[in-house]
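*Asks:* From first to last, the protein sequence lines are chains A and B.
Residue numbering for the first sequence follows the numbering used here, starting at 1 and increasing by one per position.
Residue numbering for the second sequence follows the numbering used here, starting at 318 and increasing by one per position.
Ideal Cβ positions, reconstructed from N, Cα and C, are used throughout, including at glycine.
Treat the numbers as computed from the prediction; the structure is a model and nothing was measured.
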Amino acid sequence: MGAYLELRANGFLGPEGAALLYATIREVIKTDRVPPEDGPRWTEDAIREVAHDFLTEEAGPRRLASLYLRSSDDDSLARLLREAVRAYLRDRARRRDVGPLRRRLVDVLASAPELVGVDIPSGRAWTLPQHRGEAPYQRPVGPLVAAAWAAPNIRIVRWRSTRRRDPVADRPSLTAFAVAVLEAAEAPVLVGTLVEVAVRRFALAAPPLVIPLDDEPAAEEASAEQTALAAMTAAEIWNQLTRRERSILALHDLTVREIGEEIGLAKSAAAAARNRLDELLTRALADDPDAEAVWNRLQELAAEDRTAGTGSSPTHS
Amino acid sequence: MVPPRTLLAHDSDVEPPASAPPRAIVPEQVRAAFDLGYAFDADPQAHYLWRLEFEGTVALVYVYSVDPDSRTARVFPIGEDPELADAATVAATSDETALGLPLGIWVALERSVPLVVFDRPLGLDATAPDLRAAVEAVRRSLRSEQPPGIPGTWVGPPILSELDPRLEYRSHLAAELDRLADVAELLAAETCDTHEPSLAQLLHETDLTPEDLMASLGIGQAESRSLFRDTLPLRPEEIAAVAKLAGVPAERVRDAAPKPRASLRLKLHEPRRRRQTHRYADARKVTDADARWAAARSVMAAAMRTSGKGRRDPDWDTLLDDFFATPE
């Protein structure tokens with residue numbers, strides 16, 4: 001019958017569709033060199049787990065709907081499935097990094113008296129008491145991210161090379177973040193959406209900035225060779241940054257307003273400039289196994305640059 | 318590690334508990350909107366969602382306006398990932414369209430497309446009035462370069478960097494729609510192309526016989542002989558098989574093989590023919606694309622028998638009526 005006609009007839013992946021999904025996941029893992037999630041290599045059990053999650057997570061029905069609406073035959077179904085699996089595995093890797101943030105946020109939300117939890121068909125959502133009767137928030141997260149950036153009294157914990165497990169922000173700051181976002185939403189917001197906003201607000205999408213929050217043992221110290229390599233990479237990136245980007249890097253932990261005041265930019269322009277810098281560094285370090293060390297070295301360079309005045313050269317060590 | 322869970326009712330030999338809730342199913346509203354398809358016998362109308370399709374290229378669109386005189390419509394592509402919306406993309410909630418999904422309507426990617434690529438409406442209902450107003454406001458703002466004057470929650474954040482991954486997504490949506498917008502021109506250009514050598518010449522250069530093609534392609538004697546006379550188009554998988562048999566690159570066979578006339582291909586995508594093709598496919602449990610190919614091949618062969626290889630177009634409608642009227 002073929003996977004396409006199965007999907008068309010039943011509205012779900014039949015035996016051939018399931019086989020195609022497994023084969024596609026195996027293929028993408030191989031071609032994109034996706035690192036295993038547990039253990040030294042991908043197992044059939046792990047692949048089944050990915051396939052299950054791909055279909056049954058919150059976005060699963062939407063993924064399937066997209067295949068249903070856009071495919072015309074077995075070839076186009078296979079092509080669309082490959083694109084969807086590739087995007088899913090990329091997103092999954094990112095979400096695994098922010099899992100601890102999610103747990104921390106849920107803990108903070110549950111203990112904040114000013115917030116109300118409501119159960120909606122697609123999961124648990126949070127809101128302010130005056131908005132509990134509204135329909136859940138479904139608009140883009142952009143305005144919520146802007147509100148989160150504008151929220152006062154958010155203190156970001158500084159990243160330090162010897163402590164990989166620092167929290168991203170303290171409890172009062174996370175509560176202030178949630179209140180600002182929920183005020184802007186004027187509706188219940190799913191936990192997943194709040195996490196998405198937090199990732200952007202705290203720049204956690206950048207590999208060097210992913211800070212697991214659980215109390216796990218500290219990572220082993222980097223070898224001298226790794227440190228040297230990281231310093232070289234950092235110098236390479238540093239040389240490509242503009243003067244303004246170097247200044248923003250040095251002030252990265254401050255609020256957007258404070259950054260703007262320091263370098264003479266309006267708040268919105270400072271926010272845009274910082275977002276651009278985060279994006280640039282995310283891309284530059286996306287595949288770097290020593291991204292955190294490079295990030296730390298970049299911050300050191302920025303601090304040195306700021307102390308010495310503008311226009312200094314990187315220190316190669 | 319967590320024990321692996323079962324994927325589907327059909328997954329391997331492991332059956333989920335009978336009480337397990339249905340999972341991994343296309344939302345009912347999406348199926349209903351899609352399956353309505355060919356029961357809907359009318360030209361596209363403004364403010365409805367449609368699926369466009371032409372020979373494998375598919376796009377989902379919001380119809381902004383229709384011009385019955387030129388048989389074209391102005392449309393915006395829609396994406397199922399509203400979180401990727403940019404500042405000129407209106408985010409529709411699940412209750413604002415007949416699809417029942419959150420969608421992004423990419424107003425800045427407006428294109429004019431021929432009505433022949435309109436495959437099926439996605440639902441009987443027009444989009445919600447508030448959504449239409451937001452789309453109109455964004456379109457107006459794009460033309461006047463003024464802010465749209467709607468709450469920021471209707472659109473996404475602006476793309477500020479060349480590194481923004483949404484650019485790739487936007488390019489993908491635009492490219493799909495461009496291919497559909499160019500269908501008429503592409504087909505017109507294609508009819509002017511003549512390839513040397515022809516498939517018949519290519520086959521005669523090899524030691525292949527009609528019997529070889531019959532055995533390899535699973536076709537009858539008449540069809541095989543037609544291939545040697547350049548009067549029958551080849552399917553993609555047949556191109557690969559002939560190339561392998563002949564020991565030449567597939568591109569050479571593809572270039573040499575005759576194609577269904579552009580006028581016939583366009584005819585097969587008219588709403589009435591789409592409905593007939595779908596019924597034909599449904600009855601034989603094949604895809605619409607397979608059914609369309611069968612129709613094109615049969616009608617081409619019939620045309621060759623009656624009017625030879627002349628450049629004048631035969632009466633496709635009569636031939637297609639005969640084809641679809643033939644009982645299984």
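Report all residues from its chain with a CB closer than 6 Å to the CB of A/D53; omit the five preceding and five following residues, and keep chain order.
*Replies:* For A/D53, where only same-chain residues beyond five positions count, there are no Cβ hits under 6 Å.
*Asks:* Between the C-alpha atoms of A/V106 and A/A151, what's the straight-line distance to the nearest angstrom?
*Replies:* Each residue's Cα considered, the two are about 19 Å apart.
*Asks:* Which value, in whole angstroms, describes the spacing of the CA atoms of A/A302 and A/R246?
*Replies:* Spanning the two alpha carbons is a distance of roughly 6 Å.
*Asks:* At 7 Å on the CB atoms, spell out the chain B contacts of A/A272, in chain order.
*Replies:* Correct list: L477.
*Asks:* Taking buried to mean at least 16 other C-beta atoms within 10 Å of its own C-beta, is A/A206 buried or exposed?
*Replies:* Confidence in A/A206 is poor, its pLDDT being 37 and thus under 50, which makes the residue's placement unreliable; the coordinate value appears in the next sentence. It counts as buried.
*Asks:* Report buried or exposed for A/E236, applying the criterion of at least 16 other Cβ atoms within 10 angstroms of its Cβ.
*Replies:* That one is exposed.
*Asks:* Residues of the segment 401-430 of chain B with a CB closer than 7 Å to any CB of chain A: list them in chain order, please.
*Replies:* The residues in question are A402, A408, T410, S411, L418 and P419.
*Asks:* Considering only DSSP beta bridges, list what B/G421 is partnered with.
*Replies:* For B/G421, which the question treats as bridged, DSSP gives the partners B/G396 and B/A408.
*Asks:* Which of helix, strand or coil does DSSP assign to B/P438?
*Replies:* DSSP places B/P438 in strand when its eight states are reduced to three.
*Asks:* Please decide whether B/A600 counts as near chain A, where near means a Cβ-Cβ distance under 8 Å.
*Replies:* Chain A contact via Cβ: absent.
*Asks:* How should B/H489 be labelled, buried or exposed, when 16 other C-beta atoms within 10 angstroms of its C-beta is the threshold for buried?
*Replies:* It is exposed - the Cβ of B/H489 has fewer than 16 other Cβ atoms within 10 Å.
*Asks:* Hey, does A/L5 have any beta-carbon neighbour from chain B nearer than 8 Å?
*Replies:* It does: the Cβ of A/L5 has a partner Cβ on chain B nearer than 8 Å.
*Asks:* In this structure, what does DSSP give as the bridge partners for A/E117?
*Replies:* Note that residue 117 of chain A is Gly in the sequence shown, not Glu. Paired residue(s): A/W126.
*Asks:* Using 8 Å as the limit for Cβ to Cβ distance, is A/V28 near chain B?
*Replies:* Output row for A/V28: interface = no.
*Asks:* Less than 6 Å between C-beta atoms, sequence neighbours within five positions excluded: which residues of the same chain meet that for A/E6?
*Replies:* These residues qualify, in order along the chain: G14, E16 and G17.
*Asks:* CB-CB under 6 Å to A/A112, same chain, minus the five flanking residues each way: which ones, in chain order?
*Replies:* Cβ within range, chain order: T175.
*Asks:* Going straight from the alpha carbon of A/L277 to that of B/L420, what length do you get?
*Replies:* Answer to the nearest angstrom: the Cα atoms are 29 Å apart.
*Asks:* If you reduce the DSSP assignment to three classes, tell me which class A/F12 lands in.
*Replies:* Correct three-state label for A/F12: coil.
*Asks:* Within the same chain, show all residues whose beta-carbon is closer than 7 Å to that of A/A266, passing over the 5 residues directly before and after it, in chain order.
*Replies:* Contacts found: G260.
*Asks:* What are the boundary residues of the beta strand (DSSP E) that includes B/R368?
*Replies:* L366 to F371 is the span of the beta strand (DSSP E), which, as asked, contains B/R368.
*Asks:* Grouping DSSP H, G and I as helix and E and B as strand, with all else coil, what is B/T414?
*Replies:* Coil, per DSSP.
*Asks:* Let's test the definition: count the other Cβ atoms within 10 Å of the Cβ of A/R200 and tell me whether it reaches 16, buried, or not, exposed.
*Replies:* Classification for A/R200: buried.
*Asks:* B/L377 bridges to which residues according to DSSP?
*Replies:* Paired residues: B/R368.
*Asks:* Could you say which of A/A250, A/A271 and A/T233 lies nearest to A/A284 if we only look at CA atoms?
*Replies:* Among A/A250, A/A271 and A/T233, the Cα nearest to that of A/A284 belongs to A/T233.
*Asks:* I'd like to know whether the C-beta of B/L377 is nearer than 8 Å to at least one C-beta of chain E.
*Replies:* Absent from the structure is chain E; the protein chains it does hold are A and B.
*Asks:* Kindly list the residues whose CB is nearer than 6 Å to the CB of B/F641, restricted to its own chain and excluding five residues on each side of it in sequence; keep chain order.
*Replies:* Closer than 6 Å at the Cβ level, and outside the excluded window around B/F641, lie Q593.
*Asks:* State yes or no: is the beta carbon of A/T56 nearer than 8 Å to at least one beta carbon in chain B?
*Replies:* By this cut-off, A/T56 is an interface position.
*Asks:* In the DSSP assignment, find the unbroken beta strand (DSSP E) run with B/R483 in it and report its ends.
*Replies:* It is not in any beta strand (DSSP E) - B/R483 instead sits in the alpha helix (DSSP H) that spans R483 to A498.
*Asks:* Alpha carbon to alpha carbon, how far is A/L280 from A/D214? Give it in angstroms, no decimals.
*Replies:* Confidence in A/D214 is poor, its pLDDT being 31 and thus under 50, which makes the residue's placement unreliable; the coordinate value appears in the next sentence. Those two C-alpha atoms are separated by around 28 Å.
*Asks:* In whole angstroms, what is the alpha-carbon distance linking A/W159 and A/F177?
*Replies:* With a pLDDT of only 36 at A/W159, under 50, the local geometry of the prediction cannot be trusted, and no value is derived from it.
*Asks:* Run through chain A and tell me which residues come within less than 9 Å of B/V433, C-beta to C-beta.
*Replies:* Within 9 Å Cβ-Cβ: nothing; B/V433 doesn't reach chain A, min ~16 Å.
*Asks:* What residues from chain A crowd round B/D605, counting only those whose CB sits closer than 9 Å?
*Replies:* Result: S72 and D73.
*Asks:* In angstroms, rounded to a whole number, what distance separates the CA positions of B/G440 and A/S66?
*Replies:* Cα to Cα, the separation comes out at about 15 Å.
*Asks:* Tell whether a beta-carbon distance below 8 Å holds between A/P129 and B/A402.
*Replies:* Against a cut-off of 8 Å, the Cβ pair of B/A402 and A/P129 comes out as no contact.
*Asks:* Can you confirm whether the segment 576-583 of chain B touches the segment 353-370 of chain B when touching is taken to mean that 3 or more C-beta pairs between the two stretches lie within less than 8 Å?
*Replies:* The segment 353-370 of chain B vs the segment 576-583 of chain B: no contact.
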